[in-house]
Amino acid sequence: MIVPNAHVAETPAYALADLSVTDGMRAISMAQNESLRPPSPAALAASRAAVEHDHLYPDPDWVELRAAIADVHGIAPGNLLCGAGSMELIVAVAHAFAGPGRRVLSSQYAYALFQSAARFVQSGYDAAKEDDFVVDVDALLAAVRADTRVVFIANPANPTGTHIPNEALRRLHANLADDVLLVIDEAYGEFTDAHQEPLFDLVDRGNVVVLRTFSKAYGLAGARVGWGAFPIAVRDEVRKLLNPNNVSAASQAAATKAMLDQSYMRVTVDQTIDLRDTFIGDLRTLGLQTTDSQTNFALIQFGSEARALRVEAAMRAQGIIMRPMGGYDLPWCLRATLVDRADMQIVTTRLAELTRRSSC
Ligand SMILES: *Cc1c(COP(=O)(O)O)cnc(C)c1O
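As numbered in the working numbering, residues 11 to 370 make up the sequence shown, in order.
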């Protein structure tokens, strides 16, 4: 009999979104925080051209992509690593710096992959309480143990959508010992009001990593490209754990052009923020509570798990897919990614009809 390692057998399968709707029905997916519009045309053209060379391995050092990121963000290319999504980088960081006899710390409603990554490497995991769905730096500091080696914080956070000021992260860092690696996951960084605020300077301190992705604001979720700014010594260890040819040539080409087309990304972000503010206002008008999201999604509270699941089922029956949050200990909530203006109108209308019905 084939026997898996015990810690793998005990790890639950990663909870992916259920994207099924009735056969033939057009789906409006609000389940995966994808962009409401496709990537920059320049990115798509570069990706198509790169496919012509698919008999060759991609650049294992992501030279052009790193140069583009370095240019736009004012980071030295040597500090950058690229991953098959930032998910690859998160798991590699856990492999390198967490593990048996070590602990990972994150926040109460943290991104699920942080805990999964801790499990993959047989690390302990702690979660610090949040203050009304917002990361609480004092609670995090109080939860640091002698064997805590990695702290993962997404800012803005998923699934709460909330944001803490960079000053709070600087204070968190200032109070961590220098053998604790602080990983700041800015997957939604482009959507914050403060997205210009630089935090990359913290990387020079030796124990901070800042992660970003092309999956959200750049509309390249399907290309699987994430990146991070790493202190050199940390970079060297994480690099050993990445698949040597992890990002396809087409994806590198697309991401490079997408990074260089900042104005296209800004339009995506502006449209998203505009629709988000309208949607949040509409939700509150309907009497639904929602956090002050600084991302491309809203976390909607329905008071009870039963009502959240009724709404989820009724919306899905009409082709609209929202994400149940039971896996995040938020069973009374649904997470809904912003979609384009026409579809948002359909969603808001259907949601208004449903919430007015006493049966829902
Ligand atoms: C979407 C997301 C990511 C990005 O994942 P990719 O692998 O880059 O697609 C990372 N962190 C958080 C918190 C996310 O929500």
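Beta carbons are placed, not taken as given, at the ideal position from N, Cα and C, and that holds for glycine.
Just so it is clear, the structure is predicted and the values come from calculations on it, not from any experiment.
Practice prompt. May I ask whether a heavy atom of ligand 1 can be found less than 7 Å away from the beta carbon of S50?
Written response: If you check the C-beta of S50 against ligand 1, you find no heavy atom less than 7 Å away.
Worksheet item: In chain order, which continuous runs of the alpha helix (DSSP H) of length 4 or greater are located wholly inside the segment 224-298?
Response: With a minimum length of 4 residues, the continuous alpha helix (DSSP H) runs that stay inside the segment 224-298 are 242-251, 259-270 and 272-295.
Discussion item. Closer than 8 Å is the cut-off here; do at least three beta carbon pairs connect the segment 189-204 with the segment 156-168?
Written reply: Contact between the segment 189-204 and the segment 156-168 is present, because at least three Cβ pairs lie under 8 Å.
Worksheet item: Would you say Y121 touches ligand 1, meaning its beta carbon is less than 7 Å from a heavy atom?
Response: Y121: yes, Cβ under 7 Å from ligand 1.
Fill in: Where Y24 sits in the DSSP three-state scheme
Note: Y24 maps to coil in three-state DSSP.
Practice prompt. Would you check if the distance between the CB atom of L115 and the CB atom of V73 is smaller than 8 Å?
Written response: Contact flag unset, no.
Discussion item. Run through the DSSP bridge pairs and tell me what F143 is partnered with.
Written reply: Answer is none; F143 lacks a bridge partner.
Worksheet item: Between D350 and the rest of its own chain, which residues show a CB-CB distance below 6 Å, the 5 nearest in sequence each way excluded?
Response: L46, listed in sequence order.
Discussion item. I want to check one thing, is the minimum distance from the CB of T223 to the heavy atoms of ligand 1 below 7 Å?
Written reply: In this structure, ligand 1 has a non-hydrogen atom nearer than 7 Å to the beta-carbon of T223.
Worksheet entry | Assigned exposure category for H183 - 16 Cβ within 10 Å defines buried | H183 is buried by the Cβ-count criterion.
Worksheet item: Is it the case that the Cβ atoms of P87 and A80 are separated by a distance below 8 Å?
Response: Against a cut-off of 8 Å, the Cβ pair of A80 and P87 comes out as a contact.
Worksheet item: Using the rule of at least 16 other Cβ atoms within 10 Å of the residue's Cβ for burial, across every protein chain shown, is D292 buried or exposed?
Response: Buried, since its Cβ has 16 or more Cβ neighbours within 10 Å.
Discussion item. Strictly by DSSP, which residues pair up with C370?
Written reply: DSSP lists no partner for C370.
Item to complete: Consider the C-beta atom of N255 and the heavy atoms of ligand 1; say whether any pair is separated by less than 7 Å.
Response: Checking the Cβ of N255 against ligand 1 gives no.
Item to complete: With hydrogens ignored, establish whether the beta-carbon of N168 is closer than 7 Å to any heavy atom of ligand 1.
Response: Yes, the beta carbon of N168 sits closer than 7 Å to at least one heavy atom of ligand 1.
Worksheet entry | Simplified DSSP assignment, three categories, for Y135 | Correct three-state label for Y135: strand.
Item to complete: Would you decide whether H65 is buried or exposed? Buried here means 16 or more other CB atoms lie within 10 Å of its CB.
Response: H65 comes out exposed.
Fill in: Cβ shell of L285 (< 6 Å), same chain only, five flanking positions each side left out
Answer for L285: L348 and M354, listed in chain order.
Worksheet item: D96: buried (16+ other C-beta within 10 angstroms of its C-beta) or exposed?
Response: One point to set straight first is that residue 96 is Ser, not Asp, in the sequence displayed. By the neighbour-count rule (16 or more Cβ atoms within 10 Å), S96 is buried.
Item to complete: Please find out if some non-hydrogen atom of ligand 1 comes closer than 7 Å to the beta-carbon of M40.
Response: False, no ligand heavy atom lies under 7 Å from that Cβ.
Discussion item. Using CA atoms only, rank isn't needed, just tell me which of L209, V219 and Y338 is closest to A178.
Written reply: Taking only the C-alpha atoms, the option nearest A178 is L209.
Worksheet item: What residue from R317, A346 and D339 has the CA that sits closest to I330's CA?
Response: Looking from the CA of I330, the closest CA among R317, A346 and D339 belongs to A346.
Worksheet item: If we count the other Cβ atoms within 10 Å of its Cβ and call it buried at 16 or more, is N15 buried or exposed?
Response: Exposed is the call here.
Worksheet item: Considering V193, what are the terminal residues of the beta strand (DSSP E) in which it resides?
Response: Taken as a continuous stretch (DSSP letters only), the beta strand (DSSP E) holding V193 covers L191 to D195.
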